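What follows is a short report on a single structure.
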Amino acid sequence: MKKLCVILLSVLAVFLMGCEKDEFLPKQQGESLTTEFRTDSPNPLHRPAWISVIHSMGNYIDEMVEGNILPIKSGFALKSQAGKIEEQIVIKAFDAARKEIKIFRGEVEKMVESGGFPSGRAQPLLGMAEKLDFILDGKLVEAKDGFEGYAVGDFPSDGGWVLKLCSFGEEHQVVTGQNAFKGDRSLKMKGGFGQPAVAFLPIEETPEVVFVESAIRVDHAEPGMLSYSNASFGLFNPEEGEKGAYHALVTFESNGYIFFGTDDSYDNKLQAWKAGEWYTIRIMYNNKRKSGSVWVNGQLLLEDISLQGPEGAYSALALGSGLDYRATTFFDEVMIWTPVP
232 MKKLCVILLS
242 VLAVFLMGCE
252 KDEFLPKQQG
262 ESLTTEFRTD
272 SPNPLHRPAW
282 ISVIHSMGNY
292 IDEMVEGNIL
302 PIKSGFALKS
312 QAGKIEEQIV
322 IKAFDAARKE
332 IKIFRGEVEK
342 MVESGGFPSG
352 RAQPLLGMAE
362 KLDFILDGKL
372 VEAKDGFEGY
382 AVGDFPSDGG
392 WVLKLCSFGE
402 EHQVVTGQNA
412 FKGDRSLKMK
422 GGFGQPAVAF
432 LPIEETPEVV
442 FVESAIRVDH
452 AEPGMLSYSN
462 ASFGLFNPEE
472 GEKGAYHALV
482 TFESNGYIFF
492 GTDDSYDNKL
502 QAWKAGEWYT
512 IRIMYNNKRK
522 SGSVWVNGQL
532 LLEDISLQGP
542 EGAYSALALG
552 SGLDYRATTF
562 FDEVMIWTPV
572 P
């Protein structure tokens with residue numbers, strides 16, 4: 232009986248969610264969608280990102296209902312809401328689609344709060360809703376980490392992060408609840424004695440254009456006679472040389488300014504910074520042209536400047552502590568994404 236209900240639920244969802252033919256896909260400039268997103272979806276090269284995500288939503292809801300984890304009525308409600316999201320995207324009503332995504336997220340959260348949907352099982356659906364939001368914003372997110380899913384005191388190796396050059400001690404490179412830009416947790420790092428700690432996240436593919444973002448905060452920084460880094464962030468190759476090399480780098484210097492460049496030269500001054508304050512950094516890097524742009528707190532400060540640095544190519548996103556053992560660096564809301572074609 233349960234199996235039959237799931238089948239009927241799926242049939243009804245197909246009706247609600249409409250046809251997936253190419254002629255119904257939105258083509259509006261600035262809000263266009265993509266033909267690639269999830270490599271585990273059917274025919275990924277011929278299916279736009281948003282349909283792949285909604286398809287995954289439907290499959291996951293079926294799985295939860297069939298496994299007696301989610302009541303049939305709740306599964307029907309969520310599939311119906313997913314259908315409303317698709318209806319708005321098909322007619323290019325993207326603002327309305329965002330509202331329907333918000334409603335979908337709210338319904339999932341209510342089910343969790345009422346005890347009808349285990350929180351851990353609901354998280355994938357909430358993640359899919361977030362992916363849809365990003366797609367409508369023109370972002371194909373390759374990786375995103377707000378460090379909320381790790382235990383305080385642990386290094387986030389379960390998320391794929393790798394620790395390198397840790398002269399000050401591994402116990403200082405951990406997830407913390409001490410400070411957070413968003414949510415409750417961030418990654419705390421501490422270097423010193425002339426060598427920073429570096430946490431890097433490998434990137435499997437290196438597209439021609441890539442964006443990386445992070446919120447960064449440095450506490451207890453002390454100015455000195457010499458300028459040295461209190462924090463670094465950018466596109467990195469851990470295999471280049473003994474310490475690795477940055478191909479696009481933002482650094483918070485002890486002289487009180489933020490700079491942009493590469494390992495070979497990061498003398499492009501952006502703006503002043505203060506200890507104890509969060510700064511959002513976004514880097515755009517063109518791997519073919521070896522050029523980049525940088526935003527601080529949402530403001531474009533340098534555009535399409537030459538970044539002729541180390542030979543080879545980047546292979547990771549890196550977060551680096553400073554060289555001052557007195558300073559503590561925090562990273563949050565780290566993201567890698569490529570633009571929607």
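Heads up, the final residue of the sequence shown is numbered 572 in this note's numbering, and it's a clean run with no missing numbers.
Here a beta-carbon is modelled for each residue, glycine too, at the ideal position from N, C-alpha and C.
In this text, all values refer to a predicted model and were calculated from it rather than measured experimentally.
- Between the stretch 316 to 326 and the stretch 394 to 409, the count of Cβ pairs shorter than 8 Å is below three; the stretches do not touch.
- When rounded, the separation of the alpha-carbon atoms in Gly472 and Arg448 is 28 Å.
- In this structure the stretch 472 to 485 touches the stretch 509 to 524; the number of beta carbon pairs closer than 8 Å is three or more.
- If you draw a 10 Å sphere on the C-beta of Gln530, you find fewer than 16 other C-beta atoms in it, and that means exposed.
- By alpha-carbon distance to Phe562, the top candidate from Ser522, Glu484 and Phe412 is Phe412.
- Within the model, the alpha-carbon separation for Ser305 versus Gly347 is close to 8 Å.
- Burial check for Pro433: the Cβ neighbour count within 10 Å stays below 16, so the residue is exposed.
- Going by beta carbons, Lys519 and Gln539 fall outside the 8 Å limit.
- Under the DSSP assignment, Arg329 falls in the alpha helix (DSSP H) whose first and last residues are Phe325 to Glu344.
- A direct Cα-Cα distance of roughly 27 Å separates Ala360 from Phe386.
- For Ala549, no alpha helix (DSSP H) encloses it; the enclosing beta strand (DSSP E) starts and ends at Ala547 to Ser552.
- Residue range Lys370 to Asp376 is occupied by the beta strand (DSSP E) that includes Glu373.
- Contact check between the stretch 413 to 429 and the stretch 541 to 554: three or more CB pairs, one atom from each, fall below 8 Å, which counts as touching.
- Apart from the 5 residues on each side of it in sequence, Lys474 sits with its Cβ closer than 7 Å to the Cβ of Leu396 in its chain, given in chain order.
- Taking 8 Å as the cut-off, the Cβ atoms of Val393 and Phe431 count as close.
- Assignment of Phe562 by DSSP, reduced to helix, strand and coil, places it in the strand class.
- Within the model, the alpha-carbon separation for Tyr291 versus Val443 is close to 29 Å.
- With a contact defined as Cβ atoms closer than 8 Å, Ile536 and Asn486 miss out at about 21 Å.
- For Ala558 against His451, the beta-carbon gap comes to about 6 Å, under 8 Å, which counts as contact.
- Within the stretch 490 to 556, complete alpha helix (DSSP H) segments of at least 4 residues are not found at all.
- Residue Lys362 holds the alpha-carbon nearest to the alpha-carbon of Glu373 among Lys362, Asn410 and Ile303.
- Excluding residues up to 5 positions away in sequence, Gly414, Asp415 and Arg416 lie with their Cβ nearer than 8 Å to the Cβ of Glu379 in the same chain.
- Residue Ala544 holds the alpha-carbon nearest to the alpha-carbon of Pro438 among Phe307, Val339, Val284 and Ala544.
- A straight-line Cα-Cα distance of about 13 Å links Ala462 and Gly507.
- Collapsing the DSSP output to three states places Val449 in a strand.
- Cβ-Cβ distances below 6 Å link Val440 to Asn517 in the same chain, with the five nearest sequence neighbours on each side left out; the list follows chain order.
- Straight through space, the alpha carbons of Lys505 and Ala446 are spaced by roughly 14 Å.
- Gly391 sits exposed, since fewer than 16 C-beta atoms from the chains shown fall within 10 Å of its C-beta.
- Rounded to whole angstroms, the gap between the alpha carbons of Lys375 and Gly523 is 21 Å.
- Counting along the chain, no alpha helix (DSSP H) covers Gly465; the unbroken beta strand (DSSP E) around it starts and ends at Ser460 to Asn468.
- The alpha-carbon separation between Phe464 and Gln354 amounts to approximately 28 Å.
- Val339 and Phe491 have their C-alpha atoms some 42 Å from each other.
- Residue range Ser417 to Met420 is occupied by the beta strand (DSSP E) that includes Leu418.
- Per the DSSP secondary-structure output, Ile316 pairs with nothing in a beta bridge.
- Beta-bridge analysis with DSSP links Lys395 to Val429.
- For Leu301, the secondary structure class from DSSP, reduced to helix, strand or coil, is coil.
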